[in-house]
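Asks: As you go down the protein sequences, you meet chains A and B in turn.
Throughout, the working numbering is defined as the position within the first sequence, counted from one, plus 1320.
Throughout, the working numbering is defined as the position within the second sequence, counted from one, plus 609.
First the structure, then my questions, so here it is.
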Amino acid sequence: MFANFFKNLQRKRNLLRLKDEKFKFLFDEHVSEEYIVFDTETTGLNPKVDEILSIGAVKIKDNKILTSQTFEVYVKNSKEISTKSIEIHGIRPCDLKNAKDATLAIEDFLNFIGSRDLVGYYLEFDVAMVNKYLTKMLGIKLPNKMIEVSELYYDEQTCAIPQGNIDLRFDTILKKYDIPNMGVHNAVNDAVMTAMIFLKLKIK
Amino acid sequence: MSILDQRKLIESIHPFELLSTNELDNLMAKIDIAYYPTDTLLMSKNLCSIAFYIIIKGSVNEFIDDEIHNVYTSEDSFDADALIYNKCESKFVVDEDLICYEIIKDDFLLLMQNKKVQSYFLQDFVSKHQHLKEYDSASELTPFLIAKVSDIFLHSVCVVDEDKSIYDSLVKQRDLKAKIIIVKSGLKHLVVTDTDLRDKVLLGDVDIKDSIKELATSNIICIDIHDFLFNALLMMTQNNIKRLVVKDGEEIIGILEQIDLLSFFANHSHLIAVQIDKADTIEDLKNLQGDLRNLIITLKTKGVKVRYITKLVSTLNLKIYKKVFRMCVSEDLQDKCALIVMGSEGREEQSVKTDQDNALIIKDGVDVELFIKPMLKLNQYLLSIGFPKCSGNVMVSNEFWRRDVHSFKNLIDSWTQNMDDQSVQNLSIFLDAKLVAGEETLLEELRAYLCKNFYNRDDILAHIAKAVLNFKTPLSLFSGFVLEKEHSNKLDLKKGGVFALVHGVRTLSLQYEIKSTNTIERIKELNNLGVIDKNFATELIESFDSLSAIRLQAMLNSKDISKSNYINPKSLEKNQRDLLKDSFKIINKFKKFMSFHFHLDIVS
């Protein structure tokens, strides 16, 4: 009860800070049975200094992953990308040729997600990355409800193995649920796979 | 999967590779991924189909009247008919958690605007089946492109030192039966051909006591033993020469002749036939077995229909039988008996060696004892050549299968009277009897007797036909789930499919007094007699051909003949799996036909 009250308060404060009326729709009632699964590729793991390279997202409606409506955007960066991080995300400087300015990219992203609930794997980090830009642009943080897949998985597994150590690695979960790992590692790709995990957990 | 990866996957699924880049782009923008847990009902008579499904993972069963009709697994798609005709006679149920692509109905119908895709989905069974087969053979890599020099017969090579006389060199060449002489000159190799001899010795002024190097020319062209035959052919064509020197590292090990190369590329069945005719001893015949196997592999990969391959192999085996018969049976006895082969050999359907099923019919009034020794010898010879022993002991070495005409007639009488399993089995084997050597009239007499015995005896025929229903068609085994529960993940092609078809057709042939023993010939004649219609006949022949082809492949791949009837559907290519499934559907249809024809539902 108190938690709910606190959340509402936070939400209201968030709304008051919104600089641009255009994005008020983010605070609308959430769309039932629709979700956005998203993933970001970044230059590093520290939201304070690192930047977003690309955002991939896909919609879920009922039991379907709407791959016909995927979202993918590459973001222009202020600094040079370190060779080490290229090895991880595979985004080379030349891949960013058609990249958008960060502000535009984030706006597109907001328009895509609307007020739907957000789903992700270690979502907190991706949300923090987006919020970093959002606070500067609109003065707010993402107001959407968030669903953490690894948490759902943990709950599901603790029922089966109480007090056991639960391996929460992405690949482990994929294997556990026999989800095809067909594509290369990139933002959209990871979002689709996360979506599959989410559907399996949700429908179970 | 990024859009690109999905695209690759869709593109790899027949018939979507027929789409143009543009069409594929459009399609990709319309595909969604859906998840359905086990036991979800996807469509049925009352639940209209809303989309076309392509399976990424999981499996779906299709039921007609609560009987499994088909199983769909990874990369399979369904159900075009339901979308096109807007009705669904069967029930589709998820058997194992399903992740699939969905193309919604309107988009799918739009896709059908493409003529090629349309014709794939609208084709009737036969043309679809043939279409798939073509696709199958086109996707297989031709072995000629990958055969190596080491795979082919090489002629022995005659190497002489450069200071040897021409005469001595020629003697050595003759002894080695070599085509050319290689002259060793220091580290270099030179060559002397028949043309050199003619031009320089016979027509020129070189004496045969001179040293061989007078004749030698240096245009020697070599190929490595591990190089491709294809390259050898190119080298010969480019340099306009008839032979290549084959080297293993620096050492010369043989000569590759153009004629051998060409006959390797062509089908060399006639060569084997000639060799069988020329064989004088049982050893000669033994040596031919490897060639026979190679011939089958070559023809199969060339895309020759399996029914022609098996016919050819049967013809060659027949020749071997004839030869062995003549080696074992003295001339005065040869026209007093008839050696027959039965079972698959009799039907001319054995490909790789299957068990020897043979028998001897002896003329009435001739002493049966006279044949004991020759037949034991014949049996031994066949075994040593590599015709495996018959597990049921249906062989001339067994007294039971070596009798005179009168005694055979009694045997037939007893078969028709007591109809137990063993009798039905023996009768079935005998129905496929085919003469290989000896007096033909003996077999004809028995066959006429058989027909007379069965004329208008539909009750007995039904009893024989019943065996068709003995084994369930293993359609359910395609689903990965069921497979794991069944023994060793495999299905039995013989019991599951081939047997029902062969036995059913055999019974019908007995009823309609058809003399052919070959299943396909029998089907054609049944069609001529109007027992089955043309379309059904073609379906049966195509199915039989597909099953035989897959069985042949399994036999070639397996080392143990007894296990070669088992195949794992998961190890098959997607197209072959489809062919197999389609064939099983036809087998089911045929079983229904047999049930109806012989009223099997009322025979217990």
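We put the CB at the ideal spot given by N, CA and C, even for glycine.
Just so we're clear, the structure is a prediction, and the values are computed from it rather than from any experiment.
Can you confirm whether LYS1179/B, when its beta carbon is compared against all beta carbons of chain A, has any partner nearer than 8 Å?
Replies: no
Asks: SER1388/A versus chain B: which residues are under 7 Å apart at the beta carbon?
Replies: ALA638, LYS639, ILE640, ASP641
Asks: What does DSSP give as the partner residue(s) for ILE708/B in the beta ladder?
Replies: TYR644/B, LYS666/B
Asks: Can you check whether the CB of LEU969/B is closer than 8 Å to the CB of ARG1011/B?
Replies: yes
Asks: Would you list the residues sitting across from ASP1340/A in a DSSP beta bridge?
Replies: Note: ASP1340/A sits in no beta bridge, so no partner.
Asks: Determine the closest residue to ILE1356/A out of ILE1372/A, ASP1340/A, TYR1441/A, GLU1407/A, with distance taken between C-alpha atoms.
Replies: TYR1441/A
Asks: Let me check one thing: in DSSP terms, what residues is LYS1183/B bridge-paired to?
Replies: BP columns for LYS1183/B are empty, so no partner.
Asks: Which class does MET1004/B belong to by DSSP, given the choice of helix, strand or coil?
Replies: coil
Asks: DSSP state of ASN967/B, grouped into three classes?
Replies: strand
Asks: According to DSSP, is ASN1383/A part of a helix, a strand, or is it coil?
Replies: coil
Asks: Does the contact criterion of 3 or more C-beta pairs under 8 Å hold for the region 941–950 of chain B versus the region 974–985 of chain B?
Replies: Yes, the region 941–950 of chain B touches the region 974–985 of chain B.
Asks: Can you tell me which residues form a DSSP beta bridge with MET1466/A?
Replies: LEU1438/A
Asks: Kindly indicate which three-state DSSP category ASN723/B falls into: helix, strand or coil?
Replies: coil
Asks: Which residues in chain A sit within 7 Å of ILE1216/B, going by Cβ to Cβ distance?
Replies: With chain B running from 610 to 1213 in the structure shown, residue 1216/B is simply not present.
Asks: Tell me whether THR682/B sits in a helix, a strand or coil according to DSSP, three-state version.
Replies: DSSP places THR682/B in coil when its eight states are reduced to three.
Asks: Excluding the 5 residues flanking ILE949/B on each side, which residues of the same chain have their C-beta closer than 8 Å to its C-beta?
Replies: GLY955, ASN967, ALA968, LEU969, ILE970, ALA1042, LYS1043, LEU1044, VAL1045, LEU1052
Asks: Do three or more CB pairs link the region 1461–1468 of chain A to the region 1425–1444 of chain A at distances below 8 Å?
Replies: Here the region 1461–1468 of chain A lies against the region 1425–1444 of chain A, with 3 or more beta-carbon pairs under 8 Å apart.
Asks: Once DSSP output is grouped into helix, strand and coil, what is the label at MET951/B?
Replies: Note: MET951/B maps to coil in three-state DSSP.
Asks: LEU1519/A and ASN1383/A: beta carbons closer than 8 Å?
Replies: yes
Asks: Check each residue of the region 1509–1523 of chain A: if its Cβ is closer than 7 Å to any Cβ of chain B, include it; give the result in chain order.
Replies: Interface annotation for the region 1509–1523 of chain A against chain B: ASN1509, VAL1512, MET1516, LEU1519, LYS1520, ILE1523, criterion Cβ-Cβ distance under 7 Å.
Asks: May I ask you to list, following chain order, the residues of the region 1373–1384 of chain A that have a beta carbon less than 7 Å from some beta carbon of chain B?
Replies: ASN1383, LYS1384
Asks: Mind checking whether ALA1146/B and ILE1123/B have CB atoms under 8 Å apart?
Replies: For ALA1146/B and ILE1123/B, no; Cβs fall outside 8 Å.
Asks: Which residues of chain A have a Cβ atom closer than 7 Å to the Cβ of PRO646/B, listed in chain order?
Replies: ILE1523
Asks: Would you mind stating whether ALA1425/A and ALA1511/A have Cβ atoms separated by less than 8 Å?
Replies: no
Asks: Identify whether TYR917/B lies in helix, strand or coil by the three-state DSSP scheme.
Replies: helix
Asks: Give every residue of the same chain whose Cβ lies closer than 8 Å to the Cβ of GLY1089/B, excluding the five residues on either side of it in the sequence, and list them in chain order.
Replies: For GLY1089/B, the predicted model reports a pLDDT of 42, less than 50, meaning its position is unreliable; a value from the coordinates is still stated below. The residues are SER668, THR682, GLU705, LYS1179.
Asks: Can you tell which of ASN1166/B, LEU1119/B, SER778/B, PHE730/B has its C-alpha closest to the C-alpha of ALA691/B?
Replies: Closest option to ALA691/B, Cα to Cα, is PHE730/B.
Asks: Classify ARG852/B as helix, strand or coil using the three-state DSSP reduction.
Replies: strand
Asks: When Cβ atoms are compared, which residues of the region 620–634 of chain B fall closer than 8 Å to chain A?
Replies: From the region 620–634 of chain B, no residue has a Cβ closer than 8 Å to chain A.
Asks: For ILE708/B, go through chain A and note every residue whose CB falls closer than 8 Å to its CB, in chain order.
Replies: Neighbours of ILE708/B across chain A, judged by C-beta separation under 8 Å: ILE1499, PRO1500, MET1516.
Asks: If you compare alpha carbons, which of GLN1185/B, ASP893/B, ILE1141/B, ILE1176/B is closest to PHE1202/B?
Replies: ILE1141/B
Asks: Tell me which residues share the same chain as ILE708/B and place their Cβ nearer than 7 Å to its Cβ, disregarding the 5 neighbours each side in the sequence.
Replies: ILE642, TYR644, ILE665, LYS666, GLY667
Asks: Give me the Cβ distance between THR1128/B and PHE1153/B, rounded to the nearest whole Å; I'm assuming they're in contact under 8 Å.
Replies: 6 Å
Asks: What residue range does the beta strand (DSSP E) around GLU1361/A cover?
Replies: Note, GLU1361/A: beta strand (DSSP E), 1354–1362.
Asks: ALA1323/A: buried (16+ other C-beta within 10 angstroms of its C-beta) or exposed?
Replies: exposed
Asks: ILE1069/B and THR1025/B look like a contact to me (Cβ under 8 Å); what is the Cβ gap, rounded to whole Å?
Replies: THR1025/B and ILE1069/B do touch by the CB rule: their CB atoms are close to 6 Å apart, below 8 Å.
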